[in-house]
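Notes for the one structure printed next.
Chains as they are written, first to last, in the numbering used here: chain A, 1001 to 1563; chain B, 1001 to 1563.
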């Protein structure tokens, strides 16, 4: 009874579908990278046949019989197998993947454009500054994730009570990415200098601007860490350049258009550097969405255009400059010693008021990039993703594993540890660690199990794990009960390794395989992995063994998560 | 007799003209940065009056009389003084600047787009690979400049005989810029690895691609340094992606349009990173010029678009992929141990053939950025710019400085050294060093001078220096003869410090100033600087003093060069 697909497979663009084939010939199982060229797909590519494959059938294996009986019952369609013409290639697409990626009008938003941002004026952030203490940022992954998310969404975060040590700003950057060295060095000091090469190093007022517009690629993140601020004045201001650009588009569409279409020469020169970039003040992506603001009155060099275009540009430039100075747009902050401001230099403009030179004001700054920050956030979130599994181990897993002298969690942690100690590849360590999650997920107790209730735990577990992992993890789990029946049939010494409880459940699981079943099982591509997991399973019922906590396996598990 | 301006000043866009005012109130003389906001210019800005100013009159000073007589003769108009309404601001624009920057249709080309490149197919580079030996690259600034220029123009350079040391690739990058650290580290090893997170670290063939398309900003330069290459195969190929994009635009404009308008999700995932960028395969600037190619079949993730758009995208993508594989586009190289390839990762695609694992193949790579490379090249070229001055010191400067016991070059080098030893700011060290170049440039010999021929050397020198330097250098030079006449008038001890020759030339220079002339001179803004230069001038006629070579002053001089 396969569930009908909600759209005919024949309506899918063939090259798109084939380009997304997940098989091991098309994608490197280790790196996930594609192994073929789009140009090497055969001419006249088409779907020859598409077949729904029910739940419980390992990918690429003949249906049912060779695995345990329970899997023989056809379930709902879980995936679609496509036979390709003219080359005879097979692809199996999980139905969940097809549903999640079905071609429609919803493109994935590019988080770097205005579409992925929460635009703001100062009043919008009253009472909800994205700020936290350094210790909380370091110690609490959830807090850290919330802060990094704020940099992507609002354009900044403010870390308080960061140690006031020279060079500390580099350590802040390294919590989320790589420092981008520039002509100003790995870090730069913002304080009054005797022979400044930049107005930043004087006590002058600086109006809202982005940094280093003369660089291309421009540094996409800036950090400013306050070491001292006893001066009168020297307040910091932030303006959302995307909000300002959006306002300009509404109020003066012609000016917006001019500023997106006019490359502006930004120039910086000193003894050691001569930088120039020709970029518009408002950069849009290929769909016209605002993606970058460069605004720095100090370093705009001489534009060369026909006079009427120069007139129009300057009128638009001035309109935007006046808009950026509107007080309601600017969020005012006073950086206190220990504060570290981290902001999106492609979006937020920063400013400072003039200050009296009688008090010390000293910031240290550095640059970094948004791509690294977004990556760090995504990796942090993988741990959140696995929270439900961690909870199963802590909750249901702590319960009796009836008939055994260990809890279910201890049993699985031991199995993972055994696999790890044996030098198994990560996906088999994960499979060993998670092989019995099917027991934890259902409301079936160990007693139910002993009483002969078949909860099909290997399939329940494999299906559950499919939320996070690919078939390299799920299929050994799916087959680990069949592997027991197989081993009983082919390995005379194996039966002796089974615990009493395990020997008992063998019966409800179908008993040892017939020679024909065993031969069919052995022929499965995943048989060896399933047997390996099964052997670690048997070894993992030692009441005296020390077991690592679930968290020990998190890095390994997060690395295996599906994209 | 001012030369008429070749265009009426009133036709110039007023905000553009005012935004380029070079005065010290509008631009920081040290950093060259603008000191005002475009939004702070008064409403109704207009040119009230424009006056041609003849050659020889220091900016902002009353015409003629107070300086030496020769300058009193009106010359051709050298600059235009503008009086602004309604705020009464004064701006002085050198005529040469106005001519060079006159508003017209010729915009400065953006060297990062196809407009600034020499596009190529493999055959175009036969016999003219941009390559040199490491030693020549290091030792010869001209060779280094030619190589860096090749990276900007052709997209790559090939350095031969680079020491085969681990980490050497970082030293190569640091000759022109800053290393961009990524998830692969500061440097990465390209060799076969047991558990690769990227196909680069296998022996598989890799078709033409750009690196790290999932990064944004993408690293704009890649370096690959060959430490060993004994394997069968493993040849390197380079394809000019801008040339390929240009070909696509000609042959299939619709496909070109689709590839510039479709953001493509590029994704990379491993245990420590999860990177994603949504960028078109062919990126254009805001004027539609090709500016960036991203092409990497391995890391294109799943596009979500309506089915007809997916069909169209895949057809265009395949067309471009096939084009990129045309053999005539690909330059084939075999990297030998010691070779270091440096290439533009926003433009050139690189490839390698498969190789047999029986021979060692080991490259080390790192990333850097084009902006830093272009800056390094521009600074290198400043030295070229000063070559004519260096030649004056070596040529005419080596000649007698008649009546003195030193050559002209020794005299000027000593003056520069004296200024430097006195802790003078760079522009006065330069003025002291260069104060007598007027003697060298003209065909006037020391004997001519002694014979009373006035070659107006202070003005000749100041005008000559105006090719390279601003008024902070040229005006002390222009006034250094007047300063002698002034000092004779006001400092009774000064006359005794003059050499015999100098006392003699005083007569042909107009003799000591009258009290009225001296008062007018002292009121000039540049008088103090001119007097300082004059005193170093008198101190610099010591036959026994060791003098540094002209090259000693090059960094100081290049830092003072006008943009």
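Using N, Cα and C, we set each Cβ at its ideal position, and we do this for glycine too.
Remember, it's a predicted structure, so these values are computed and weren't measured experimentally.
Which class does residue i belong to by DSSP, given the choice of helix, strand or coil?
i, result
"residue 1150/A", "helix"
"residue 1274/A", "strand"
"residue 1205/B", "coil"
"residue 1364/A", "strand"
"residue 1232/B", "coil"
"residue 1425/B", "coil"
"residue 1508/A", "helix"
"residue 1465/A", "helix"
"residue 1567/B", "Past the boundaries of the shown model lies residue 1567/B; chain B is included only from 1001 to 1563, so the question cannot be answered."
"residue 1265/A", "strand"
"residue 1293/A", "strand"
"residue 1034/B", "strand"
"residue 1089/A", "coil"
"residue 1545/A", "coil"
"residue 1372/A", "helix"
"residue 1238/A", "strand"
On a Cα-Cα basis, can you pick out the residue from the options that is closest to residue i?
i, options, result
"residue 1246/A", "1117/A, 1178/A, 1297/A", "1117/A"
"residue 1175/B", "1379/B, 1535/B, 1469/B", "1379/B"
"residue 1264/B", "1240/B, 1235/B, 1298/B", "1298/B"
"residue 1111/B", "1242/B, 1028/B, 1271/B, 1210/B", "1242/B"
"residue 1509/A", "1100/A, 1181/A, 1479/A, 1417/A", "1479/A"
"residue 1561/A", "1545/A, 1491/A, 1427/A, 1490/A", "1427/A"
"residue 1382/A", "1557/A, 1432/A, 1224/A, 1506/A", "1557/A"
"residue 1250/A", "1418/A, 1323/A, 1233/A, 1538/A", "1323/A"
Assuming the contact rule is C-beta atoms closer than 8 Å, residue i and residue j should be a hit. Round their C-beta distance to whole Å, please.
i, j, result
"residue 1437/B", "residue 1464/B", "6 Å"
"residue 1363/B", "residue 1227/B", "7 Å"
"residue 1216/A", "residue 1371/B", "5 Å"
"residue 1351/B", "residue 1219/B", "Their Cβ separation, rounded to whole angstroms, is 18 Å, which puts residue 1351/B and residue 1219/B out of contact at 8 Å."
"residue 1195/A", "residue 1559/B", "Not quite, the Cβ-Cβ distance comes to about 11 Å (not below 8 Å), so this is no contact."
"residue 1259/B", "residue 1343/B", "No, residue 1259/B and residue 1343/B are not in contact; Cβ-Cβ is about 22 Å, not under 8 Å."
Are there 16 or more other CB atoms within 10 angstroms of the CB of residue i, so buried, or fewer, so exposed?
i, result
"residue 1059/B", "Caution applies to residue 1059/B, whose pLDDT of 42 falls short of 50 and renders its modelled position unreliable; the value that the coordinates give is listed next. Classification for residue 1059/B: buried."
"residue 1421/A", "exposed"
"residue 1083/B", "exposed"
"residue 1405/A", "exposed"
"residue 1056/A", "Low confidence applies here, because residue 1056/A scores a pLDDT of 44, under 50, leaving its location unreliable and the question unanswered by this model."
"residue 1493/A", "exposed"
"residue 1551/A", "exposed"
"residue 1387/B", "exposed"
"residue 1274/B", "buried"
"residue 1517/B", "buried"
"residue 1283/A", "buried"
"residue 1073/A", "At residue 1073/A the pLDDT is 38, less than 50, meaning the model places this residue with poor confidence; the figure from the coordinates comes in the next sentence. Counting Cβ neighbours within 10 Å, residue 1073/A comes out exposed, since fewer than 16 surround it."
"residue 1549/B", "exposed"
"residue 1507/B", "exposed"
"residue 1040/A", "exposed"
"residue 1211/A", "buried"
"residue 1467/B", "exposed"
What residues from chain A crowd round residue i, counting only those whose CB sits closer than 8 Å?
i, result
"residue 1318/B", "1015, 1038, 1039, 1041"
"residue 1325/B", "1037, 1039"
"residue 1178/B", "1180, 1181, 1182"
"residue 1020/B", "1302"
Consider the C-beta atom of residue i and the heavy atoms of the ligand ATP; say whether any pair is separated by less than 8 Å.
i, result
"residue 1313/A", "You won't find the ligand ATP in this model; it holds no ligand whatsoever."
For residue i, which residues in chain A fall below 9 Å Cβ to Cβ?
i, result
"residue 992/B", "Past the edges of chain B, shown from 1001 to 1563, lies residue 992/B, and the structure says nothing about it."
Identify the contact partners of residue i in chain B, using a Cβ-Cβ distance below 8 Å as the criterion.
i, result
"residue 1254/A", "In chain order: nothing, as chain B lies at least about 15 Å away."
"residue 1198/A", "1031, 1033"
Give the interface partners of residue i over in chain A, defined as CB-CB distance under 7 Å, in chain order.
i, result
"residue 1119/B", "The contacting residues do not exist; residue 1119/B stays about 19 Å from chain A at best."
"residue 1207/B", "1037"
"residue 1299/B", "1033"
Starting from residue i, find everything on chain B with Cβ-Cβ shorter than 7 Å and list it in chain order.
i, result
"residue 1101/A", "1302, 1304"
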